[in-house]
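Residue numbers (the numbering used here): 798 to 1350. The C-beta atom is built at its ideal place from N, Cα and C for all residues, glycine as well. None of the values given here were measured: they were computed from a predicted structure. Everything on this sheet refers to the single structure shown next.
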């Protein structure tokens, strides 16, 4: 109930803040972003800290949460977590430049290295997230469809996402502990003594307590850290829920400040693809009112009309965080043509149709699709055809038997997450059905309007025919399309983290598109049948995708 009430507060009480001014992102030096970053790194909101601090929010724990001792890096190797000896925070799963001194090629686009991220142990048996940690860069950019966050569209705003994370299972809190978590977060904010490693300090030194920063009236705080009125709150007069919302707004400001193409220091760091577009005076974004898909087709046509193109070579730049040449040449162009060519638009027989879901310039349509990953993972364990045979209930049965089928919530703390689970041989019948878990879920009211609009448009259903009961079966194994910019800093890939390399991903699409055309992919997205690539297309497509890499840090 607490989570639902907080969600209502976010929706109706205080307008969401955005780290943008006239469409431009706020500087990383903006006070709200600086404080949001400190909150993002703060390990004291976790249940592990709450249970061991003896009521002192400024305590140093005698020992940290064991889940933070090591950071999984590769299948055979771990790195020492920068948060060893502490407890869970946002940064643990959404890394950036944390390991660059130790591993120069270990930069991250606010994701981690794990297939599924380790989480604190409690008595529910969970030790990892159900899915691969999604990247967070460029979340604040405008899009053609309503905002949805998380791979299954669980959240309708960054504030909702932050609130659920700080008071949820990834931070060690059980669903039945939501009210305790809210109270604890507010206590940390009220009683914080200001000590912090993020250099949020007074001019003469010494950390600034959260309560002082949030009040925004202390003249001893430098003007560069004075909070604007939209972020101010008197924590002594505010309720716990109001403080939690203020925290969420600030972390949202930090999240909104993260952009591809520009590092957090403001230095341009464009990809070879972006330089290729610029050097050839090609349009870098859609016209006003032009869809991303229409822009992609216009761009492809313009490239095809050029008799001469200027290539990008290592003389134009050099990668520091990727082990590849900085280039965009004939091979990358061939990959671009495959990627941008839509089903039915070519007689050559080699059609990527990738642009149907990954539209430029962000290379995502922010919509929902089933690319066969859930089926591939489940069938890989239980045998071909097992996913197709999985008994998935309809709307009335699902909601009537909430605990049997749906993820837990504060209203249903004992729910099983049967269909929001990583499949394993120990749990036959458990799988990840993505959006199916969220759409028409009575415990998740906030994203329903956005989900309904997106799904009804995708499925071509008029409002009168777009009912919850008819749409729910069509959401099985659907997930939100991620951006594929800078894939070199976000592997492993897919919501399952199943693929280690770009080539693995492309070979997967060769196979799964064949399944879709043969009618052997359960509820596959129609776009998948239009993918007609083979082994010969893997190299040029991979070259093009690597040309979207940049030195993000």
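Put simply, the segment 935 to 955 does not touch the segment 967 to 983. Fewer than three CB pairs are less than 8 Å apart.
DSSP lists 1125 as the bridge partner or partners of residue 1109. Only buried fits residue 1277, as 16 or more other CB atoms lie within 10 angstroms of its CB. With a contact defined as Cβ atoms closer than 8 Å, residue 924 and residue 918 qualify at about 6 Å. Annotation for residue 897: no alpha helix (DSSP H) segment contains it, and DSSP assigns it neither H nor E. The DSSP assignment places no complete beta strand (DSSP E) segment of no fewer than 3 residues inside the segment 1045 to 1083.
Straight across, the Cα-Cα distance linking residue 1321 with residue 1083 is about 29 Å. Nearest to residue 945 by alpha-carbon distance, out of 1335, 1330 and 1251, is 1251. Selection 1127, 1119 and 1054 evaluated against residue 1110 yields 1127 as nearest (Cα-Cα). An exposed status is given to residue 1121, since fewer than 16 other beta-carbon atoms sit within 10 Å of its beta-carbon.
Taking the Cα positions, residue 1265 is about 15 Å away from residue 1189. If you draw a straight line from the Cα of residue 1003 to the Cα of residue 991, it is about 7 Å long.
With fewer than 16 other beta carbons inside 10 angstroms of its own, residue 1115 counts as exposed. Distance check between residue 1105 and each of 1079, 1176 and 1087 places 1079 closest, using alpha-carbon atoms only. Residue 1223 counts as exposed, since fewer than 16 other C-beta atoms from the protein chains shown sit within 10 angstroms of its C-beta. Partner residues in a beta bridge of residue 1232, as assigned by DSSP, do not exist. Comparing alpha carbon positions, the residue from 831, 1011 and 976 closest to residue 989 is 1011. Within the segment 833 to 888, the runs of beta strand (DSSP E) at least 3 residues long that lie entirely inside it are, in chain order, 867 to 871 and 874 to 877.
Short of 8 Å from the beta carbon of residue 1269, and not among the five residues preceding or following it, lie these beta carbons of its own chain, in chain order: 1191, 1192, 1195, 1233, 1236 and 1237. Sequence-distant Cβ neighbours of residue 889 in its own chain, meaning closer than 6 Å and more than five residues away, are 880.
Linking residue 920 to residue 971 through their CA atoms gives a straight-line distance of about 9 Å.
Inclusion of residue 1117 and residue 1344 in the CB contact set at 8 Å is not warranted, their separation being larger than that value. Counting along the chain, the unbroken alpha helix (DSSP H) around residue 1309 starts and ends at 1299 to 1314.
Taken through DSSP and simplified to helix, strand or coil, residue 1009 comes out as helix.
The segment 1271 to 1291 and the segment 1131 to 1140 do not touch, with fewer than three beta-carbon pairs separated by less than 8 Å.
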